[in-house]
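In terms of my numbering, the sequence shown is residues 39 to 114.
For glycine and all other residues, C-beta sits at the position ideal for the given N, C-alpha and C.
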Amino acid sequence: MFSIDLVAVYFLDKAVKKLLDCKRISVCTKDRAVQEIEKMQHEQALVIKKQIAKSIDKNSLISAVRSGYLKEVKMM
């Protein structure tokens, strides 16, 4: 699988480039920049959760819980 940190850096870089591409940089306030970055981080978190959910086989998860490898399972 991939590193979560690398994904976060990639999307942060993408957000910064998007802000720099604004026609009038003065309109891009600090608050707007923060909102854009938070939005992208939230979207990426949802993608990562979906990928993790797809990669987990339900039967192997159930057997891991029964055998005591996982104490608590939280559904995403």
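Distance, residue j Cα to residue i Cα
i, j, result
"glutamine 73", "phenylalanine 49", "13 Å"
"isoleucine 75", "glutamine 82", "11 Å"
"histidine 80", "alanine 71", "14 Å"
"lysine 56", "leucine 84", "20 Å"
"lysine 92", "valine 54", "30 Å"
Close beta carbons around residue i, own chain, < 7 Å, minus the five adjacent residues each side
i, result
"lysine 52", "Met78"
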